[in-house]
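Written below as structure tokens is the structure these notes are about.
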Amino acid sequence: MPLRWTFRGGVAALACTLATPCIAQVSIPDPAAKLLECRNIQSESERLACFDSAAAAFIAAREDGAIVVLDREEVEQARRQTFGFNINVLNPFDRQERPGALQSITSTVSSARQVAGGKWLVALEDGSTWLQIDTETVYIRPTPNLEAQVRRAALGSYMMSVGGARSMRVKRQ
């Protein structure tokens, strides 16, 4: 075995060994977990003191921005606004694929125009903009109150139908 491979392996092993204790020591305090732990205290005065301190820590974390509290309506609105973007890594609302995940959106077309190569660029009233990425010829007549539906398709792609016309493959801009 050449010396350079041995050296690289030793450096990699050393890096892993040094990094492991650092990773193990990192812990993120969870003020909500502290609230739940207080329920197990038997003494009423100790339980109340625990709840008071945990609630104060929770409020401080919320004010500092360490914790964000959203209701279900705000979560659904955020899902709708981000539909079509591939943000699974950053999306706190979709840690795992749920059966009730948003599969399509329907909105009114605010503008539609052809760009280079005859592809369509469609802006919807919800603020999203979609660009045709396939080579299909689609005929769209931009008229007032024209309805468009964007739905999830295979392999993470999206299909859009505008005014009942043939569907075209699109991506969010």
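Numbered by mature numbering (1 follows the signal peptide of the UniProt record, and there is no 0), the letters in the sequence shown go through residues -24 to -1, 1 to 149 in order. Glycine included, every Cβ here is placed at the ideal spot set by N, Cα and C.
How many Å lie between residue i and residue j at the Cα?
i	j	result
T58	T105	11 Å
C26	C14	6 Å
S19	S133	56 Å
M136	E50	25 Å
K95	A141	14 Å
N16	E22	10 Å
Kindly identify the DSSP beta-bridge partner or partners of residue i.
i	result
K147	L107
V98	A88, W106
V114	Answer by DSSP bridge pairing: none, since V114 is not bridged.
R56	DSSP lists no partner for R56.
T82	Q125
Based on Cα-Cα distance, which residue from the options lies nearest to residue i?
i	options	result
S80	G140, R128, N16	R128
A33	P7, S137, R23, K147	P7
E112	Q90, N121, L46, N16	Q90
A9	G93, E52, I43, R48	I43
G139	N121, R148, A130	N121
Could you pull out every residue in the same chain whose Cβ sits closer than 7 Å to the Cβ of residue i, ignoring the five residues on either side in sequence?
i	result
L78	R55, R56, F59
S83	L100, E101, D102, A124
F61	R148
Do residue j and residue i count as a contact pair if the criterion is CB distance below 7 Å?
i	j	result
I116	R145	no
Note down, in chain order, each residue of its chain lying with its Cβ closer than 6 Å to the Cβ of residue i, except the 5 sequence neighbours on either side.
i	result
N11	Residue 11 is actually Leu in this sequence, not Asn. Only A30 meet the Cβ criterion.
L97	R89, V91, L107
A37	P7, I43
In chain order, what residues of the same chain lie with their CB nearer than 8 Å to the CB of residue i, ignoring the 5 residues before and after it?
i	result
R48	none
S86	A99, L100, E101
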